[in-house]
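If you use numbering that gives the first Met the number 0, the sequence shown closes out at 147, no skipped numbers anywhere. Every residue gets a Cβ at the ideal spot worked out from N, C-alpha and C, and that includes glycine. Here the structure is a predicted model, which is why all the values come from computation and not from measurement. First the structure, in the form of structure tokens, and then the observations on it.
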Amino acid sequence: MPTFLDPDTVAHGIQLSIAPVFLLTAVAGMIGAVSNRLARIIDRARFIEARLKSERDSEQAASDRRELVDLRTRGLLANGSIALLTLCAVGIGLTVIVLFLGETLDYQGLRLAFTGFLAGVICFLAALVCFLAETWIATRVLKFGQRF
């Protein structure tokens, strides 16, 4: 039975854990990117809300209200993406722990490792879909090449 003191066993456990750790790095980068987008959404919403309070033009006020609806949707998508990325990180982190324990303690948790990794990848893909939807909504309001 392998022990914690066996350097070969510990080294092999670390090697098994490397691939999921690369996914954790990608998740951390995505959380940073989506968090920055969420901060910009919040700043823009605060600006529009402040402008709406002093709005005299009803057409501009209606436009601002429509933009606030889009910003709310974008904020929900960004929050959903961050939540899914966090769940992904938890799933991948559990996978790393189970793989390492399985290698060092002779723990038979292959099914748990598989489930954690698969759940993490599914959450990552769902987070990417939320991110894509948020960017589509953000660029939908742009009018490239149109004259004002």
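For residue 42, the secondary structure class from DSSP, reduced to helix, strand or coil, is helix. By the beta-carbon neighbour count (other beta carbons within 10 angstroms, threshold 16), residue 20 is exposed. Taking a contact to require three or more Cβ pairs closer than 8 angstroms, the region 47-64 and the region 98-109 do not qualify as touching.
Taking the Cα positions, residue 83 is about 23 angstroms away from residue 42. Using a Cβ distance threshold of 9 angstroms, residue 81 and residue 37 count as a contacting pair.
Close CB contacts of residue 87 within its chain, under the 7 angstroms cut and outside five residues either way in sequence, are with 26, 119, 122, 123 and 126 (chain order). Nearest to residue 92 by C-alpha distance, out of 76, 10 and 17, is 17.
Straight through space, the alpha carbons of residue 70 and residue 51 are spaced by roughly 14 angstroms.
Looking at 98, 133, 128 and 105, the one whose alpha-carbon comes closest to that of residue 116 is 98.
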